[in-house]
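Down below is the structure, laid out as structure tokens.
There are 2 protein chains.
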Amino acid sequence: MTRIFGDPSSFVDEALQGFTDIYSTYVQRVPGGVLRSTATPEGKVAVVVGGGSGHYPAFAGYVGPGGADAAVCGDVFASPSTRLVYDVAKAANRGGGVVLGFGNYAGDILNFGLAAERLRADGIPAELLVVTDDVASEGKGANGQRRGIAGDVVAFKIAGAAAEAGYDFKGVLTVANRANDLTRSMGIAFSGCTLPGETEPLFTVPDGHMGIGLGIHGEPGISEEPTGTPDEIAELLIQPVLDARPEGATDGGRIAVIVNGLGSTKYEELFLLYGRIAAKLRERGYDIVAPEVGELVTSLDMAGASLTVTWLDEELERLWTAPIQCPALSRGQVIETTPAPRFEPPAQEQADYSGTPAEAAAAGQRVDAVIQAVAKALHEAEPELGRIDAVAGDGDHGVGMARGSRAAAEAAAKASAAGAGAGSVLAAAADGWADRAGGTSGVVWGVLLRSFAEQLGDSGKPDAAAVARGARAAFDGVTRLGGAKPGDKTLVDALAPFATTLSERVEAGDDLLTAWAAAAEAATAAADATKELRPQIGRARPLAERSLGHPDAGAISLALVTRTAHAALQS
Amino acid sequence: MTRIFGDPSSFVDEALQGFTDIYSTYVQRVPGGVLRSTATPEGKVAVVVGGGSGHYPAFAGYVGPGGADAAVCGDVFASPSTRLVYDVAKAANRGGGVVLGFGNYAGDILNFGLAAERLRADGIPAELLVVTDDVASEGKGANGQRRGIAGDVVAFKIAGAAAEAGYDFKGVLTVANRANDLTRSMGIAFSGCTLPGETEPLFTVPDGHMGIGLGIHGEPGISEEPTGTPDEIAELLIQPVLDARPEGATDGGRIAVIVNGLGSTKYEELFLLYGRIAAKLRERGYDIVAPEVGELVTSLDMAGASLTVTWLDEELERLWTAPIQCPALSRGQVIETTPAPRFEPPAQEQADYSGTPAEAAAAGQRVDAVIQAVAKALHEAEPELGRIDAVAGDGDHGVGMARGSRAAAEAAAKASAAGAGAGSVLAAAADGWADRAGGTSGVVWGVLLRSFAEQLGDSGKPDAAAVARGARAAFDGVTRLGGAKPGDKTLVDALAPFATTLSERVEAGDDLLTAWAAAAEAATAAADATKELRPQIGRARPLAERSLGHPDAGAISLALVTRTAHAALQS
Chain R
22 MTRIFGDPSS FVDEALQGFT DIYSTYVQRV PGGVLRSTAT PEGKVAVVVG
72 GGSGHYPAFA GYVGPGGADA AVCGDVFASP STRLVYDVAK AANRGGGVVL
122 GFGNYAGDIL NFGLAAERLR ADGIPAELLV VTDDVASEGK GANGQRRGIA
172 GDVVAFKIAG AAAEAGYDFK GVLTVANRAN DLTRSMGIAF SGCTLPGETE
222 PLFTVPDGHM GIGLGIHGEP GISEEPTGTP DEIAELLIQP VLDARPEGAT
272 DGGRIAVIVN GLGSTKYEEL FLLYGRIAAK LRERGYDIVA PEVGELVTSL
322 DMAGASLTVT WLDEELERLW TAPIQCPALS RGQVIETTPA PRFEPPAQEQ
372 ADYSGTPAEA AAAGQRVDAV IQAVAKALHE AEPELGRIDA VAGDGDHGVG
422 MARGSRAAAE AAAKASAAGA GAGSVLAAAA DGWADRAGGT SGVVWGVLLR
472 SFAEQLGDSG KPDAAAVARG ARAAFDGVTR LGGAKPGDKT LVDALAPFAT
522 TLSERVEAGD DLLTAWAAAA EAATAAADAT KELRPQIGRA RPLAERSLGH
572 PDAGAISLAL VTRTAHAALQ S
Chain Z
22 MTRIFGDPSS FVDEALQGFT DIYSTYVQRV PGGVLRSTAT PEGKVAVVVG
72 GGSGHYPAFA GYVGPGGADA AVCGDVFASP STRLVYDVAK AANRGGGVVL
122 GFGNYAGDIL NFGLAAERLR ADGIPAELLV VTDDVASEGK GANGQRRGIA
172 GDVVAFKIAG AAAEAGYDFK GVLTVANRAN DLTRSMGIAF SGCTLPGETE
222 PLFTVPDGHM GIGLGIHGEP GISEEPTGTP DEIAELLIQP VLDARPEGAT
272 DGGRIAVIVN GLGSTKYEEL FLLYGRIAAK LRERGYDIVA PEVGELVTSL
322 DMAGASLTVT WLDEELERLW TAPIQCPALS RGQVIETTPA PRFEPPAQEQ
372 ADYSGTPAEA AAAGQRVDAV IQAVAKALHE AEPELGRIDA VAGDGDHGVG
422 MARGSRAAAE AAAKASAAGA GAGSVLAAAA DGWADRAGGT SGVVWGVLLR
472 SFAEQLGDSG KPDAAAVARG ARAAFDGVTR LGGAKPGDKT LVDALAPFAT
522 TLSERVEAGD DLLTAWAAAA EAATAAADAT KELRPQIGRA RPLAERSLGH
572 PDAGAISLAL VTRTAHAALQ S
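As you go down the protein sequences, you meet chains R and Z in turn.
Everything in the first sequence is counted per the numbering used here, starting at 22 for the first residue and increasing by one.
Everything in the second sequence is counted per the numbering used here, starting at 22 for the first residue and increasing by one.
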């Protein structure tokens, strides 16, 4: 249960504000996260870590000398937006490039991935450190790889130590990725967690049971079993980790060990469990180096525990045991520091639309009206979309769509009032959505609308052919970004017939409104038909089965947007 | 809920074992707790802290350079026995004397107090640092003073820093007591905690409510109110602390601040709350120095939060911000250390009873038989005594009596088998009970039986007059130790008529068995009559009211022991 909060939507911001106040010798607040408050040398590789909030000490607790240079903090359990990752990374860059570290989840892959592209476009070396330690999720994470859980701590610690030691960009990336390759984790959960403002837990585990391999956001695990003895729990965690021993890792030898609580497991319980685990690992010929036991990567008030093992070579051991001083991890000799200058956010460039022809500005106003109607409709549909999403997801689709479209509407209104044309109004809406929604739907809708906008232009009133090209570009952009194909039970299932029907009807000579109406109808029918499909991406099998007979929330909301846009264009 | 445990009775021991394994660079295991594993200079004042377990990081988490020298760890929520305090303090002593730090609870006052007496008898300077910060408990703690909660951290940290800096015994004691005098705390609780092996929480707070000033073992607070906003909670904590500002403390100025979670409040919630508290304190003109926010003094999985403020002078600020490296607290430059030699427990002296006359050894066997019968009776009565105690206490009386009498029975059997006389068998039972039961009843029964034993002697079969003197000595010992008078609703209410009746009847010429039967009857009637009484010591008013109509568990068990002894003496 989360009990101390005001407005749930500002929970993360207020917690970060307090955190930065307490740990001001380590960190300073920047939009989207925290940055070291101590100076780092010019040319140092910046290690920027992040993901959704609610996992403290991940991620902000690992920023400081010997650790990360900055953390990007999304909303609770939601990936930070591409823009926030980009902004924080840019603030952290000291000319040596940026290693972006995060656990392997779909939204983070998209947002950190796009941010890395933008950084590279600015001439800043940027690569991903995707943590994939959770052996219980074999094949269930993004890209079919394992998810990332407490292995984050090892990968981030080693990346931070390498960067602190003066490794170059490639060197930091290589050793941190090797640390991840040599790290495996296994977890169990005793109870779920409750989001700020909610009265019901996000998921539950029956009393007296443990969810084996249950994910840190309640992603289903391998099985549910009666709570075991400490010895049984120790074996349940050790055996799968050792069975998944990385290629080339020795059976026996020197290992880093983390026993992690997931939020509300007591220290005493973790110590007791560690004692059993350590004894069993030693019996099997392992030497434990500098273990860490505590609440290291949590899920709000979830109860549970995980074991992480990293097979060490000489270099990894040196970096694992190197000094670090962070809010949540402190080791070895104090690294001397001097205060860094206060971060000054770069001045926002004001877009200048003064040269837009009147007809184009009128078209911009029309696009704005559509976006306003879409935001209103998604606000009203929020609870219903949440319910649909809860069948096979974490139920946050409605909230994410409402937040994103509200941000889009604000940006569109501002651009339209400043006289922007259709393309620029829609582009502003796209950026507003992507920058402020976060999560997976935020980045997807940002790309969708951005791709659409680029076909409209600002020179006049876009014709039907331009709009049809926009829809096709949106389809291309989204499928390229997320890798989803029609039939995968995603919004692509509704977007594909929408774009195809719109193009066909426009080519056949229909006017825009008539063609759009037919396309929206096709999207709606296709969204409804996703009931028959099983998800192919990012869903574990039990959830995929459970979703049969229920439509995909993303497809349903896409169809709703197309119908709402039609009604708005008509009026 | 505590979920990871094997045998509940070895929970503390196994957790400490794991803890010592993880933090072996800081601590080593000694019987009764942990001792620094790093060397300290000859003549350094030893700071030894402790109390019941289940409060981690209190107490073992604060042992290390710049912090405490050792921690004594009792069973969950039960004071460590006098013997354990004495043993750990003796192991920690480097010739500079021992400051014994603990929160103000009845059992700790007794056990640490008696241990200090024993240490002084050995020529080791030993004084108490009794932490009394909880303003919600004004007048409710032992000795009518406030209870100790998270103020422990400040008092222990400052004592540790002073000792590390080379202060002499009086200097450490003086500055640490001043730190305590200038420290005030206030807490709220959202939910109770569950002991290892129990399925029901020790106490509950209604959903959506918070217990204002509720103690860390569920001691009742001031009131129960609906959960407030973060601002309301911040005010609820700040105002009583500032209202209780110590004499001589400035209104405004430099303060140390702790925002403490009680076990399962999330970091994010604590950070958010700290942000509000810090803003409000600054508005009132306070400067916050080196705040600590986290799980610092917990109660297993209890949910709640507390605020601690220490008004700093220059010396206290210097010591508060001085370097420390402990498992649970790390600050400033690393204090250079070298490993200490492994602790070697002193060899146990074997008692030699070879000179005991045969008649005296026979009397010893008889006393042993009585103790065995008492242990059996208390084992059988355990659930019933627990139920009686739960009305106005924490329900652990039955467990404590069963554990204590079992230890007494083992010690008595050993002494009797070695040929000890009546006095020595009973003294062995007394020490076994006191050393291994812990808590308040352990130390009380230890003193009771020890005082009794000293009147019996080992020279032959004790006569009725010696036994009557024993009972009176037991009464004197217990009342001197605990300060309870007849009518306070304690075991003294049954012990007083037992001792008086036994003496009167023996003086009147009754044989021992007849006199004992009458005395046991008087004790039983008096125990039953405690139903009419309100507790006068160590119980808050709501509990005192609740206990009306219910007998005192301590008096009931005393009466049961006297009846059992009679039956055993008869057979």
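Every residue, glycine too, gets a C-beta built ideally from N, C-alpha and C.
Nothing here was measured: the structure is a model prediction, and the numbers come from that model.
Within the same chain, Cβ atoms closer than 6 Å to the Cβ of Z:G172 are found at V152, D154, T204, S206, T329, the five residues on either side in sequence being excluded. The three-state secondary structure of Z:S206, taken from DSSP, is strand. Put simply, of R:E401, R:D389, R:A324, R:H238 the residue whose alpha carbon is nearest the alpha carbon of R:S578 is R:E401. Judged by DSSP secondary structure, R:T331 falls outside any alpha helix (DSSP H) and instead within the beta strand (DSSP E) spanning 324-332. Our two residues, Z:L406 and R:G414, have alpha carbons roughly 51 Å apart in a direct line. One thing to note: Z:G282 has its Cβ no nearer than 7 Å to the Cβ of Z:S320.
Cβ contact annotation for Z:Y44 (same chain, cutoff 7 Å, sequence separation greater than five): P348, in chain order. Against chain R, a Cβ distance below 7 Å from Z:T250 picks out G27. Secondary structure within the segment 269-325 of chain R: the alpha helix (DSSP H) runs of 4 or more consecutive residues, fully enclosed, are 288-304 (chain order). Considering only beta carbons, no part of the segment 115-128 of chain Z lies closer than 9 Å to chain R. Distance from R:R584 to R:A541 at the Cβ level is roughly 5 Å; contact confirmed, criterion being Cβ atoms closer than 8 Å. Among the residues facing chain R, Z:D154 is not included, as its CB has no counterpart in that chain under 7 Å away. With contacts defined by Cβ atoms closer than 7 Å, R:L340 and R:A183 form a contacting pair.
Relative to the Cα of Z:S158, the nearest Cα in the group Z:Y188, Z:R471, Z:S244 belongs to Z:S244. Taking 7 Å as the Cβ-Cβ cut-off, the segment 304-321 of chain R approaches chain Z at P312, V314, L321, given in chain order. For the segment 197-226 of chain R, the residues whose beta carbon sits under 7 Å from a beta carbon of chain Z are, in order, F211. Between the alpha carbons of Z:A588 and Z:A382 lies a distance of about 21 Å. No Cβ-Cβ contact shorter than 7 Å links R:G478 with R:A441.
Counting every other CB atom within 10 Å of its CB across the protein chains shown gives Z:G118 a total of 16 or more, marking it as buried. The Cβ atoms of R:S524 and R:A489 sit closer than 7 Å to each other.
Across the segment 268-290 of chain R, CB contacts with chain Z closer than 9 Å involve V280, G284, S285, T286, K287, Y288, E289, E290, in sequence order along the chain.
With contacts defined as CB atoms closer than 7 Å, Z:V68 and Z:A180 qualify as a contacting pair. According to DSSP, residue pairing for Z:R50 in a beta bridge involves Z:V55. Residue-level contact by beta carbon fails for Z:V499 and chain R, as no gap is shorter than 7 Å. Residue environment analysis places Z:P62 among the exposed positions, since fewer than 16 neighbouring C-beta atoms fall within 10 angstroms of its C-beta. Only residues of its own chain outside the window of five on either side were considered, and among them L293, L294, R297 have a CB closer than 7 Å to the CB of Z:P251, listed in chain order.
Within chain R, the residues whose beta carbon sits less than 7 Å from that of Z:E35 are L293, G296, listed in sequence order.
In this structure, the straight-line span from the alpha carbon of Z:L263 to that of R:V310 is close to 46 Å. Listed along the chain, the chain Z residues whose CB falls inside 7 Å of the CB of R:R50 amount to none; the nearest CB is some 11 Å away. About 4 Å separates the CB atoms of Z:A137 and Z:A147; that is less than 8 Å, so the two are in contact. In this structure, Z:A398 is the residue among Z:A398, Z:D410, Z:A438, Z:P404 with its C-alpha nearest to the C-alpha of Z:S426. DSSP places Z:M231 within a strand segment (E or B) once states are collapsed to three. The beta carbon of R:E338 is closer than 7 Å to those of R275, V310 in its chain, skipping five residues each way along the sequence. A distance below 7 Å separates the beta carbons of Z:V51 and Z:V109. DSSP links R:C347 through a beta bridge to no other residue. Nearest in C-alpha terms to Z:A439, of all of Z:A372, Z:E475, Z:F496, is Z:A372.
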